[in-house]
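To start, the structure itself, in structure tokens.
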Amino acid sequence: MYRDIILESSNGFSARGFAITALKRQVDFWLGVAVAQSQSSKNNAPVYDSRLREAMGDNGLPEPVKLDVDELNEASAAGFVLLTRHIRTPNPETGARETFREQWCLTPTEVIARTVEFGADRAILDAKAQCAAVGANPEARINVIRTEAAARLQTLSEPVLVKFIEHVKGMQSLEDTDLLDYIAEALTNCGPNRNADATINQAAQAYKDTMKKRAEEGKFFRVDAGIMALAA
Numbered sequence: 458m459y460r461d462i463i464l465e466s467s468n469g470f471s472a473r474g475f476a477i478t479a480l481k482r483q484v485d486f487w488l489g490v491a492v493a494q495s496q497s498s499k500n501n502a503p504v505y506d507s508r509l510r511e512a513m514g515d516n517g518l519p520e521p522v523k524l525d526v527d528e529l530n531e532a533s534a535a536g537f538v539l540l541t542r543h544i545r546t547p548n549p550e551t552g553a554r555e556t557f558r559e560q561w562c563l564t565p566t567e568v569i570a571r572t573v574e575f576g577a578d579r580a581i582l583d584a585k586a587q588c589a590a591v592g593a594n595p596e597a598r599i600n601v602i603r604t605e606a607a608a609r610l611q612t613l614s615e616p617v618l619v620k621f622i623e624h625v626k627g628m629q630s631l632e633d634t635d636l637l638d639y640i641a642e643a644l645t646n647c648g649p650n651r652n653a654d655a656t657i658n659q660a661a662q663a664y665k666d667t668m669k670k671r672a673e674e675g676k677f678f679r680v681d682a683g684i685m686a687l688a689a
């Protein structure tokens, strides 16, 4: 389905841009998670006894999914190239370009920044609670957390960004179908029900829900039939 939507524009130009954006955003989400996991010393995956595996037989046991930073970074670069191509392409019917999609043309630095900021925000909330318990001013601790977060962002993002730029440069001559292959494979390797088709369908469902809410609140909204069809 996703190949027809993107390569053939089967649901229209706007639906094509919507689908590419959904894939890019999902890859970026998992890239942020993968980078965070790579820095964690904790391994919460259960270690199953061989007798339990034998008892489960063909049904098997759940295997932990190990996210691959390099694979997701490469897929993010493919999404970046694919999305920027779409943005540069005029709508064949109106001649307009979907420049509003530039906000999702993120680099690893911006993706990882969100992950680091999320962790820092949680640490700050905890620091405020702990300081309140002992009647201390939390500002000093908060400043340390923010300084450490800034340093961590630089350390984590720079090597990923360097490879990302290399990928983007090398992908300029690739066809859209080849770029989609990078994205689809990376998403599939993130675990069950995380493939390209499921990603687009879930994004379309969220779009449909948002339009419904706007309608119920009396706000202006305009739906795109091609995007709505992706939620079916």
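Quick note on numbering: the sequence shown equals residues 458 to 689 in the numbering used here.
Ideal Cβ placement from N, Cα and C applies to all residues, glycine included.
Can you grab the Cα-Cα spacing for the pair E531 / V680, in whole Å? The straight-line gap separating the alpha-carbon atoms of E531 and V680 is approximately 33 Å.
Could you check how far apart the C-beta atoms of A491 and V538 are, in whole angstroms? I think they sit under 8 Å. The pair is not a contact, with the Cβ atoms about 20 Å apart (cut-off 8 Å).
Leaving aside the five residues before and after L524 along the sequence, list all residues of the same chain whose C-beta is less than 7 Å from its C-beta, in chain order. In chain order, W487, V490, A491, Q494 and C647 place their CB closer than 7 Å to the CB of L524, counting only its own chain and leaving out the 5 sequence neighbours on each side.
Would you kindly work out how many angstroms separate the C-alpha atoms of K620 and S614, rounded to a whole number? The straight-line gap from Cα to Cα measures roughly 10 Å.
Using the C-alpha atoms, what's the distance from A535 back to I477? So the two alpha carbons sit approximately 10 Å from each other.
Considering only C-alpha positions, which residue in the set P649, Y664 and M458 is nearest to F678? Measuring from the Cα of F678, the nearest candidate turns out to be Y664.
Less than 8 Å between the beta carbons of L529 and A643, yes or no? Contact annotation: L529 and A643 have beta-carbon atoms nearer than 8 Å.
Assuming contact is defined by CB atoms lying nearer than 8 Å, are S533 and V484 in contact in what I supplied? Cβ distance < 8 Å, so S533 and V484 count as in contact.
Just to check my reading of the structure: I640 and L480 have Cβ atoms closer than 8 Å, yes? What is that Cβ distance to the nearest angstrom? So it is a contact: roughly 5 Å between Cβ atoms.
In the DSSP assignment, the alpha helix (DSSP H) including D583 goes from what residue to what residue? Looking at the DSSP string, the run of the alpha helix (DSSP H) that includes D583 is P565 to V591.
Boundaries (first-last residue) of the alpha helix (DSSP H) holding P616: E596 to M628 is the extent of the alpha helix (DSSP H) around P616.
Under 8 Å: do the region 464-472 and the region 546-560 share three or more Cβ pairs, one atom per stretch? Taking 8 Å as the limit for Cβ pairs, the verdict is that the region 546-560 does touch the region 464-472.
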